[in-house]
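Top line first, the protein sequences correspond to chains F and X. As numbered in the working numbering, residues 31 to 562 make up the first sequence, in order. As numbered in the working numbering, residues 31 to 562 make up the second sequence, in order. A virtual CB, placed ideally from N, CA and C, is assigned to each residue, including glycine. No experiment lies behind these values; they were computed from the predicted model shown. A short write-up of the structure that comes next.
Protein chains: 2
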Amino acid sequence: MKKSNLNNKIYIYDTTLRDGTQRADISFSVKDKLELIEHFDRIGIDYIEVGFPASNPKEAQLFRQLRSLDVKHSKIIAFGMTRYKDNTVEKDKNLEILINSGTAGVCVVGKSSINHVRKVIETTPDNNLAMISETVNYLKKYFDEVHFDAEHFFDGFKEDPAYAMKTLEVAAGAGSDFIIVCDTNGGALPGEVRYIIEEVTSKIDVPIGAHFHNDSGCADANTIIAVEKGAVMVHGTINGYGERCGNADLCTVIPNLEIKLGKKCLKEGNLKHLTSLSRYVSETANQIAYSYQPFVGRNSFAHKGGMHASGVSKWPSAFEHIKPEKVGNTRKILVSELSGRKSILLKARELGIDLENDPETIAKILSAVQDLEQKGYQFEAADGSFELLVNEMGGKKKEFFTLESFRVLNEKTKDGKMLSEATVKVHIGDNRIIETAEGNGPVNALDGALRNAIKSCYPGLSNIELTDFKVRVLNEKKGTAAVVRVLIESTDGKKTWGTIGVSENIIEASWQALEDSIIYGLMYLEKNKKIN
Amino acid sequence: MKKSNLNNKIYIYDTTLRDGTQRADISFSVKDKLELIEHFDRIGIDYIEVGFPASNPKEAQLFRQLRSLDVKHSKIIAFGMTRYKDNTVEKDKNLEILINSGTAGVCVVGKSSINHVRKVIETTPDNNLAMISETVNYLKKYFDEVHFDAEHFFDGFKEDPAYAMKTLEVAAGAGSDFIIVCDTNGGALPGEVRYIIEEVTSKIDVPIGAHFHNDSGCADANTIIAVEKGAVMVHGTINGYGERCGNADLCTVIPNLEIKLGKKCLKEGNLKHLTSLSRYVSETANQIAYSYQPFVGRNSFAHKGGMHASGVSKWPSAFEHIKPEKVGNTRKILVSELSGRKSILLKARELGIDLENDPETIAKILSAVQDLEQKGYQFEAADGSFELLVNEMGGKKKEFFTLESFRVLNEKTKDGKMLSEATVKVHIGDNRIIETAEGNGPVNALDGALRNAIKSCYPGLSNIELTDFKVRVLNEKKGTAAVVRVLIESTDGKKTWGTIGVSENIIEASWQALEDSIIYGLMYLEKNKKIN
Chain F
31 MKKSNLNNKI
41 YIYDTTLRDG
51 TQRADISFSV
61 KDKLELIEHF
71 DRIGIDYIEV
81 GFPASNPKEA
91 QLFRQLRSLD
101 VKHSKIIAFG
111 MTRYKDNTVE
121 KDKNLEILIN
131 SGTAGVCVVG
141 KSSINHVRKV
151 IETTPDNNLA
161 MISETVNYLK
171 KYFDEVHFDA
181 EHFFDGFKED
191 PAYAMKTLEV
201 AAGAGSDFII
211 VCDTNGGALP
221 GEVRYIIEEV
231 TSKIDVPIGA
241 HFHNDSGCAD
251 ANTIIAVEKG
261 AVMVHGTING
271 YGERCGNADL
281 CTVIPNLEIK
291 LGKKCLKEGN
301 LKHLTSLSRY
311 VSETANQIAY
321 SYQPFVGRNS
331 FAHKGGMHAS
341 GVSKWPSAFE
351 HIKPEKVGNT
361 RKILVSELSG
371 RKSILLKARE
381 LGIDLENDPE
391 TIAKILSAVQ
401 DLEQKGYQFE
411 AADGSFELLV
421 NEMGGKKKEF
431 FTLESFRVLN
441 EKTKDGKMLS
451 EATVKVHIGD
461 NRIIETAEGN
471 GPVNALDGAL
481 RNAIKSCYPG
491 LSNIELTDFK
501 VRVLNEKKGT
511 AAVVRVLIES
521 TDGKKTWGTI
531 GVSENIIEAS
541 WQALEDSIIY
551 GLMYLEKNKK
561 IN
Chain X
31 MKKSNLNNKI
41 YIYDTTLRDG
51 TQRADISFSV
61 KDKLELIEHF
71 DRIGIDYIEV
81 GFPASNPKEA
91 QLFRQLRSLD
101 VKHSKIIAFG
111 MTRYKDNTVE
121 KDKNLEILIN
131 SGTAGVCVVG
141 KSSINHVRKV
151 IETTPDNNLA
161 MISETVNYLK
171 KYFDEVHFDA
181 EHFFDGFKED
191 PAYAMKTLEV
201 AAGAGSDFII
211 VCDTNGGALP
221 GEVRYIIEEV
231 TSKIDVPIGA
241 HFHNDSGCAD
251 ANTIIAVEKG
261 AVMVHGTING
271 YGERCGNADL
281 CTVIPNLEIK
291 LGKKCLKEGN
301 LKHLTSLSRY
311 VSETANQIAY
321 SYQPFVGRNS
331 FAHKGGMHAS
341 GVSKWPSAFE
351 HIKPEKVGNT
361 RKILVSELSG
371 RKSILLKARE
381 LGIDLENDPE
391 TIAKILSAVQ
401 DLEQKGYQFE
411 AADGSFELLV
421 NEMGGKKKEF
431 FTLESFRVLN
441 EKTKDGKMLS
451 EATVKVHIGD
461 NRIIETAEGN
471 GPVNALDGAL
481 RNAIKSCYPG
491 LSNIELTDFK
501 VRVLNEKKGT
511 AAVVRVLIES
521 TDGKKTWGTI
531 GVSENIIEAS
541 WQALEDSIIY
551 GLMYLEKNKK
561 IN
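Printed below as a string of structure tokens:
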């Protein structure tokens, strides 16, 4: 492998399965991990780090199953560390486990900070160098590729540059295929990164990789700077998951490198799958996708201010740094207090409704929106309710059911138990239906009762679930008599929609959002002929 | 004002109230904004941008109330734009509104990209220069400080560096006190930022500010690079709220500048209040605080990996880039008994309770707090509930009343009316009291019923009112079955206290917060002998 890369290739090294799981609330099953590997392989990630082969039984099982996995593009990397300070490599149990892992390559971490050598592993500087050199040299006999992770390299360089560089030199001398400089504490700032990477790439004759954590909020920028200064491999995780504040986010780093710096990262033509990969990983990790994530977030290309919305319609790149479709994302126009006819038109178009030649309906919608916003409605996060409003103003409203009345009872009993029970009375055609349900709280009970009442007519409803429930108290000064805004997000597994309700009564506001959510879902099911 | 800054001062310019509200789901009431300004003033933010004085009635009301607000440190800045292309400055309505805003300073935005001049505002390059120069010159007659925001400066510089620089030169020539270079689309990368800022600070003889958006994921890093290259003002928002992917996050930028680059940003000694400011703002904006936010996130100093955890215990800076307490944050997991105890001690002292010689109570409180926080409680905005907890653990809990049971009925009737009615059964001494009340919503009814039940015993209660009611849904992915956190703020006209409740049932969570609010109020009345 050559140090400089004439064809602009940057190797993408994903550590979602190892560093990603260090995030406080992430844990993947073996099945999750195997599926993630398949996705990473398909999009063209070059290296997938899967962890240490036996840090627990789950990992051991993963490595067994990996042997029979059909991976086409990616190289699977096992992760370990340099030999124990008082062992020979041949007698080191952990190295033996690594060698038996069955992976194509291995990445070993070693210390490059003199303070860590002394205070954390408690050995001599010379023994640490021997640990690095002997480990790399030994593993090279068993693996096609051996990568060396220089832990705490940036802190180490700031303490003692000569020693830190020496650790890289011995790793290079022992035959490392890649040397990765790690900002393990995540505290490095761009200026020092630029200087230090320049030192490393000019002096070490092995391809250099960069591994940044985000404790300074600079992981992505530092990674990009490293590439600008000659690094040819980037470490990171999908969505930036990782210990403490996370790792460099591959969903940010890759499009910056490909679109703006002309580098090649993923398999040709695959960048447009990045948004869906990001969302797939957040689902698998059971994390709420961060709507404001660069490039792939739901609101990364959302325009709210009237001026910006009109600027975008004149000339898309006026307020967009890239075309959203390049990464598989979409532009979003947010309907808000500040917006006018133009935003209504654009928003309707986004929803597949053409109002270009219908100024009357636009005027009706605009006036309804302004009126409702005055009362506290807000359609930015309520696309579903907005679409229902557009239909209603355009005379295309469809009644799936009619509410007669509902009742919700909440009781805290003598023994301290809390009960919620709702009864809903609705009409569907000539049927009058009364249903009751209990719930964890009043809205959950109401949701249950409504579903019970209409599910026999609309069995497709069972595929729709509420995924998010938000409450915002408006004009808070009025205390518990204030106006309340409820936002509900729902999904059928593919499509997601938001709905809204506003009232002085939280139960009524919840009902409005709930009703809109169900009606929108039914409308969508009907369109796709899945309602029954 | 001098261009270079001998004493290392970096001016902090907050635009949470303007750019922050461009985030898809953020909208502040006038009261929210006034309270935010008070908090920003207290921590020592130098400039607070509050928006355009009349883009809607809410803003107009804000500016009226601002005139009587007692702001000690911060300068309030109104935001506007250069004169309309076909107007004179004297006849420009928007400039007239700005001049009448009553603020100390003004920031005007103008175009510095030749493409934007031609395609978006559709005028000649020369007229654009005249718009900038005449506007700044005119506003200088009315304001102590005029800042010029060079919109799309980085894109403009890449299209036509000479023209982009010319826009800054005319703004400087017309008397701008600060010139701010803006990456409006947020697409700039660190390498070009470094080069362009160097050009600007070496050629423009007016203090330079930097305003970055986060579409490339580099806003914070770019802001730091700008300071390294001579900018003396940074624009940003608390928690990075802003349009699309957000603005530079002052909670990340400020500690990096202060701790790592030795700059002075906030009022001396106030950096340790940053974490609580961040959480206060996210509560006010009704946003879930991002747990992985650098410096101030709940998990920013959380250690999960066994190796790291043991490293940290040997030597704290082994896996931490700064001491968490510098920004008012805390280490998580392996929270050393000592640091946990210390913060309990300090917090109790803040409330006027001395626990210095009572390690047993401290241990009890610590364990109770950890237990409750696990369940979703959070005491930052609930001092009242915390004080009640301290009293309870110290054996000083006083029972003013005992709840037997309550019942809340909500009904939407056939005619569409919404009714809420609550019945509360309580004991005070040997009295069993049953009272019912109607309300605008279930919590309002519950509040009314409880007050009816106990007011004859505690007439002082009539001076206490609920001023704020907030609901936050935790683990939102569970939809309407998620856990709900209710925060209530109450006042007797002088003192204000916050209380909290957490439950899967919103009615129960509200009850807990309500009960604490009333008990705290009664305790306080009793202390001041005003209970009867």
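Confirm, please, whether the CB-CB distance from G110(F) to F93(F) is below 7 Å. The residue given as residue 93(F) occupies position 63 in the first sequence. The residue given as residue 110(F) occupies position 80 in the first sequence. Cβ distance not < 7 Å, so F93(F) and G110(F) don't count as in contact.
With a cut-off of 7 Å, does the C-beta of G531(F) fall near any C-beta of chain X? As a working mapping, residue 531(F) is identified with position 501 in the first sequence. Chain X contact via Cβ: absent.
CB-CB under 8 Å to I484(X), same chain, minus the five flanking residues each way: which ones, in chain order? In the second sequence, counting from the first residue as 1, residue 484(X) sits at position 454. Cβ within range, chain order: F430, F431, V456, I458, I463, L491 and I548.
In terms of residue numbering, what span does the alpha helix (DSSP H) encompassing C281(X) cover? In the second sequence, residue 281(X) corresponds to position 251, counting from 1. L280 to P285 is the span of the alpha helix (DSSP H), which, as asked, contains C281(X).
Y488(X) to H69(X) span [Cα, whole Å]: Indexing the second sequence from 1 puts residue 488(X) at position 458. Indexing the second sequence from 1 puts residue 69(X) at position 39. Here the alpha carbon of Y488(X) sits roughly 34 Å from the alpha carbon of H69(X).
Are the stretch 162-173 of chain X and the stretch 212-220 of chain X touching, with three or more C-beta to C-beta distances below 8 Å? No contact exists between the stretch 162-173 of chain X and the stretch 212-220 of chain X.
So I67(F) packs on I42(F), CB below 8 Å; how close in whole Å? Indexing the first sequence from 1 puts residue 67(F) at position 37. Indexing the first sequence from 1 puts residue 42(F) at position 12. With a Cβ gap of about 14 Å, I67(F) and I42(F) do not count as contacting.
Determine the burial state of K524(X): buried for a count of at least 16 other Cβ atoms within 10 Å of its Cβ, exposed for fewer. Looking up residue 524(X) in the second sequence gives position 494. Exposed, because fewer than 16 other Cβ atoms sit within 10 Å of the Cβ of K524(X).
Helix, strand or coil for S206(F)? Go by DSSP, reduced to three states. As a working note, residue 206(F) is residue 176 in the first sequence. In this structure, S206(F) counts as coil in the three-state DSSP scheme.
Local Cβ density within 10 Å of R97(X), reported as buried at 16 or more and exposed below that: Position 67 of the second sequence, counting from 1, holds the residue named residue 97(X). Around the beta carbon of R97(X), fewer than 16 other beta carbons sit within 10 angstroms, so the residue counts as exposed.
Can you tell me which of the three DSSP states G221(X) falls into? Start at 1 with the first residue of the second sequence, and residue 221(X) comes out as number 191. G221(X) falls in the helix class under three-state DSSP.
Interfacial residues, the stretch 217-249 of chain X to chain F, with Cβ spacing under 7 Å: G217, L219, P220, G221, N244, D245, S246, G247 and C248
Taking the straight line between their C-alpha atoms, what separation do you get for G446(F) and Q542(F)? In the first sequence, counting from the first residue as 1, residue 446(F) sits at position 416. In the first sequence, counting from the first residue as 1, residue 542(F) sits at position 512. Approximately 30 Å, taken between the alpha carbons.
Helix, strand or coil at V357(F) according to DSSP, with G and I counted as helix: Position 327 of the first sequence, counted from the first residue, corresponds to residue 357(F). If DSSP states are grouped into helix, strand and coil, V357(F) belongs with the helices.
Taking beta-carbon pairs under 7 Å, can you tell me which members of the stretch 282-307 of chain X lie near chain F? From the stretch 282-307 of chain X, only T282, N286 and K290 have a Cβ closer than 7 Å to chain F.
Roughly how far, in whole angstroms, is the beta-carbon of Y322(X) from the beta-carbon of C275(F), given that I think they are within contact range, below 8 Å? As a working mapping, residue 322(X) is identified with position 292 in the second sequence. As a working mapping, residue 275(F) is identified with position 245 in the first sequence. Indeed, because the Cβ distance is near 5 Å, the residues count as touching under 8 Å.
What's the C-alpha gap between L128(F) and F183(X)? For this step, residue 128(F) is matched to residue 98 along the first sequence. For this step, residue 183(X) is matched to residue 153 along the second sequence. Going by the C-alpha atoms only, they are around 52 Å apart.
In or out: I238(X) buried (at least 16 other Cβ within 10 Å) or exposed? Residue numbering aside, residue 238(X) sits at position 208 when the second sequence is read from its first letter. With 16 or more Cβ atoms within 10 Å of its Cβ, I238(X) is classed as buried.
Chain X within 7 Å of C137(F), Cβ atoms only: As a position in the first sequence, residue 137(F) is number 107, starting the count at 1. Answer no: the Cβ-Cβ gap between C137(F) and chain X never drops below 7 Å.
Span of the alpha helix (DSSP H) around N252(F): If you number the first sequence from 1, residue 252(F) lands on position 222. N252(F) -> alpha helix (DSSP H) spans A249 to E258.
What is the DSSP secondary structure of G81(X), counted as helix, strand or coil? Within the second sequence, numbered from 1, the residue matching residue 81(X) stands at position 51. Strand, per DSSP.
Between V257(F) and K188(X), what straight-line distance do the alpha-carbon atoms span, to the nearest angstrom? Locating residue 257(F) in the first sequence gives position 227, counting from the first residue. Locating residue 188(X) in the second sequence gives position 158, counting from the first residue. Computed Cα separation, rounded: 21 Å.
Tell me the start and end of each unbroken beta strand (DSSP E) in the stretch 99-138 of chain X that is at least 3 residues and wholly inside, in chain order. With a minimum length of 3 residues, the continuous beta strand (DSSP E) runs that stay inside the stretch 99-138 of chain X are 105-111.
Kindly list, in the order they appear in chain F, the residues whose Cβ is closer than 7 Å to that of P155(X). Working through the second sequence from its first residue, we reach residue 155(X) at position 125. Simply none; closest approach about 17 Å.
For a contact meaning CB atoms closer than 8 Å, what does S450(X) contact in chain F? The residue given as residue 450(X) occupies position 420 in the second sequence. Result: N535 and I537.
Express the C-alpha separation of S486(X) and A512(F) in angstroms, rounding to a whole number. Taking the first sequence and counting its residues from 1, one reaches residue 512(F) at position 482. Taking the second sequence and counting its residues from 1, one reaches residue 486(X) at position 456. Rounded to the nearest angstrom, the two C-alpha atoms are 26 Å apart.
For E189(X), three-class secondary structure by DSSP: Translated into positions along the second sequence, residue 189(X) becomes position 159. Three-state result, E189(X): helix.
For the stretch 412-441 of chain X, list every residue whose C-beta sits within 7 Å of some C-beta in chain F, in sequence order. E434, S435, F436, R437, V438, L439, N440 and E441
Just the chain F side, please: which residues come within less than 9 Å of A108(X) by C-beta, in chain order? Here residue 108(X) is taken as the residue at index 78 of the second sequence, counted from 1. Within chain F, no residue comes near A108(X); the closest Cβ sits about 17 Å away, beyond 9 Å.
Among the candidates R361(X), T391(X) and K294(X), whose CA atom is the shortest distance from the CA of L375(X)? To locate residue 375(X), count along the second sequence from 1; it is residue 345. Ranking the options by Cα distance to L375(X), first place goes to T391(X).
Contact list for N124(F) against chain X, beta-carbon separation under 7 Å: Translated into positions along the first sequence, residue 124(F) becomes position 94. Going along chain X, no residue has its Cβ under 7 Å from N124(F), so there is no contact; the nearest lies around 12 Å.
Among Y310(X), K428(X), N244(X) and G327(X), nearest to R53(X) - alpha-carbon criterion: Within the second sequence, the letter at position 23 stands for residue 53(X). When only C-alpha atoms are compared, the closest one is N244(X).
Based on Cα-Cα distance, which residue from L449(F), K356(F) and I289(F) lies nearest to S306(F)? Locating residue 306(F) in the first sequence gives position 276, where the first residue counts as 1. By alpha-carbon distance to S306(F), the top candidate from L449(F), K356(F) and I289(F) is K356(F).
What runs of the alpha helix (DSSP H), each 4 residues or longer, lie entirely inside the stretch 460-513 of chain X? 472-484
Beta-carbon gap between A204(F) and V166(F) smaller than 7 Å: Translated into positions along the first sequence, residue 204(F) becomes position 174. Translated into positions along the first sequence, residue 166(F) becomes position 136. In this structure, V166(F) lies closer than 7 Å to A204(F) by Cβ.
What are the residues of the stretch 254-278 of chain X that lie near chain F, defined by any Cβ-Cβ distance shorter than 7 Å? I254, I255, E258, E273, R274, C275 and G276
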